[in-house]
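**Q** Pasting a structure below so you can have a look.
So this is what it looks like as structure tokens:
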């Protein structure tokens, strides 16, 4: 069974949108970090750097996936999307480790924050950009069954929740003066990112290992096959041992 809905080359336009959003948010978040000196805001900026690299990987993956089947790749190149999601998951792991390490260093050596109000306002603007772009990309990924776009969209949405948590945490630091809270927020961000990376790697492994379709999709396949069998006299045609798999947009 095959179900490709949209050419990956056209889906790459969504990845380019993600790249543009990542560039804008990186600039804004680094500006916010330089103004405040908050390690929480630095962790948020590092995640946006990962977003940028992931979006570039997505463009490359979707470009490769658009290549038609040939004599050496009979089923096309759709599985490259699983490699893309796996690479993004691994990059998220690296970013999370850097964030946690930096946060622990700051926890041991606290520093006062500066210009917190302006820094948080800048971060909120960056968060709004990520929220809008992430929602659009996630919707496009689900509609066209593109694991690459779904991974990219989820990463942006995760970044939004991360940013909201950071803004609340840094705001509380400014209100209470309790500096360790800045590092605690950054550590929480790092742990959350670790979980996101794990889920992306897990899903990419499932795809590369040809995991069967979910129960709902298999039920639809069986329904279609049964309707075809019903067109023949009883006992003349039957099927058994149905095997399914998913490869990028194809299933």
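Numbering (the working numbering), first residue to last: 1 to 251.
Think of the CB as a built atom: it goes at the ideal place given N, C-alpha and C, for glycine as much as any other residue.
A quick note: this is a predicted structure, and the numbers were derived from the prediction, not measured.
1) I'd like to know whether the C-beta atoms of residue 204 and residue 89 end up nearer to each other than 8 angstroms.
2) How big is the Cα-Cα spacing for residue 46 and residue 230?
3) Confirm, please, whether the CB-CB distance from residue 165 to residue 189 is below 8 angstroms.
4) Do residue 35 and residue 115 have their C-beta atoms closer together than 8 angstroms?
5) By a C-beta neighbour count over all protein chains shown, 10 Å radius and 16 as the cutoff for buried, is residue 51 buried or exposed?
6) Excluding the five sequence neighbours on either side, which residues of its own chain have a C-beta within less than 8 angstroms of the C-beta of residue 59, listed in chain order?
7) Check residue 180 in the structure and name its three-state DSSP category.
8) Could you tell me the alpha carbon to alpha carbon distance between residue 235 and residue 228, rounded to whole angstroms?
9) How would you call residue 101, buried or exposed, if buried means at least 16 neighbouring beta carbons within 10 angstroms?
10) Rank 233, 226, 232 by C-alpha distance to the C-alpha of residue 240 and give the top, closest one.
11) Along the chain, where does the alpha helix (DSSP H) that runs through residue 231 open and close?
12) Under 8 angstroms between the Cβ atoms of residue 159 and residue 39?
13) By the DSSP assignment, the alpha helix (DSSP H) with residue 237 in it spans what residues?
14) For residue 146 and residue 136, what's the separation of their Cα atoms in angstroms?
15) My output table needs one value for residue 138: the three-state DSSP class, helix, strand or coil.
16) When burial is assigned at 16 or more other CB atoms within 10 Å of the CB, is residue 81 buried or exposed?
17) Under three-state DSSP, which class holds residue 266?
18) Roughly how many angstroms lie between the CA atoms of residue 107 and residue 67, to the nearest whole one?
19) Tell me whether residue 33 is buried or exposed, calling it buried when 16 or more other Cβ atoms sit within 10 Å of its Cβ.
20) Can you tell me whether residue 155 is buried or exposed, with buried defined as 16 or more other CB within 10 angstroms of its CB?
21) Which class does residue 79 belong to by DSSP, given the choice of helix, strand or coil?
22) Which term fits residue 118, buried or exposed, when burial requires 16 or more other beta carbons within 10 angstroms of its beta carbon?
23) Please classify residue 217: does DSSP put it in a helix, a strand, or coil?
24) With H, G and I counted as helix, E and B as strand and the rest as coil, what does DSSP make of residue 143?
25) Residue 99 and residue 163: beta carbons closer than 8 angstroms?
26) Using beta-carbon positions only, say whether residue 172 and residue 110 come within less than 8 angstroms of one another.
**A** In brief:
1) yes
2) 58 angstroms
3) yes
4) yes
5) buried
6) 12, 15, 16, 19
7) helix
8) 13 angstroms
9) exposed
10) 226
11) Run containing residue 231: none; DSSP gives neither H nor E here.
12) no
13) That residue, residue 237, is in no alpha helix (DSSP H); it is neither H nor E in DSSP.
14) 13 angstroms
15) helix
16) buried
17) This structure cannot settle anything about residue 266, because the visible part of the chain is limited to 1 through 251.
18) 49 angstroms
19) buried
20) buried
21) coil
22) exposed
23) helix
24) helix
25) no
26) no
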